């Protein structure tokens, strides 16, 4: 019982959350696809973007501008490095190596996916050299929040409803904060931020599932072999004993 419980706590995607988060991740992937097709090759804001913020203009002034710049820094290389080192140190101090692997894989794959999508979609802002869809800053911040929330949900043993609300709520809060900063500073359109949030949700769920799957397969190989050998040996000794007993009679 304790072994199975320990294995459940070590999983980065709690079993109770697989279905609801899987549905959310699938819908998020469809949103990314729809937005990517809609804004492929565009160089300006869409109708929804125009409703929210004036075209590519900074929409905040001090002191809110300082807050936006501070949030934006967390998605820049320097700020992102500080967040990653802190999070990895926390995983290692808590002796959660699989969580550390999950963190590295999820953030790495999210960054790679957003970079690839930017080149495939080709949407730009402030000139042809500035690819904008999806927002990498928003995707990175959302990924960190989703990873942290998944680990907390698993460690606390939260049920389906509470765990799903925690994970999606944390991801939404981080995505809104970073998305607001990017749009307010004129670095992205609002639909870029939405695309980044949805990209993170889809990538994090897939990464968590794959890591758990790979770890469970690796753990099953030696266990299966060790369980088979003693049983076979016992059976062989039993047959040999009966044979000797039969000859004695």
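Residue numbers (the numbering used here): 338 to 586. For glycine and all other residues, C-beta sits at the position ideal for the given N, C-alpha and C. Keep in mind the model is a prediction, meaning the values are calculated, not measured.
query	result
Top-ranked residue by Cα proximity to residue 375, from 459, 353, 555, 418	459
Straight-line gap, residue 454 to residue 470 (C-alpha atoms, nearest Å)	7 Å
Neighbourhood of residue 446 by C-beta, 6 Å cutoff - its chain only, sequence neighbours within 5 removed	540, 544
Three CB pairs or more closer than 8 Å across the segment 498-505 and the segment 353-363	yes
Option nearest residue 476 by Cα separation, candidates 536, 485, 437, 421	536
Exposed unless 16 or more other CB atoms sit within 10 angstroms - verdict on residue 388	exposed
Alpha-carbon spacing of residue 528 relative to residue 372, whole angstroms	8 Å
Beta-carbon proximity check, residue 435 vs residue 349, cutoff 8 Å	yes
Three or more C-beta pairs below 8 Å linking the segment 460-469 and the segment 517-526	yes
Helix, strand or coil at residue 340 according to DSSP, with G and I counted as helix	Interpretation of residue 340 is limited by its pLDDT of 42, a score under 50 that renders its predicted location unreliable; the figure taken from the coordinates is listed afterwards. Helix at residue 340.
From 508, 548, 553, residue whose alpha carbon lies closest to that of residue 362	508
Inter-residue CB distance, residue 424 and residue 481 (contact presumed, cutoff 8 Å)	7 Å
Helix, strand or coil at residue 468 [DSSP, three-state]	strand
Outcome for residue 449 when other beta-carbon atoms lying within 10 angstroms are tallied against a minimum of 16	exposed
Neighbourhood of residue 379 by C-beta distance below 7 Å, restricted to the same chain and skipping five residues each side	460
Of the residues 364, 412, 542, the one placed nearest residue 484, counting alpha carbons only	542
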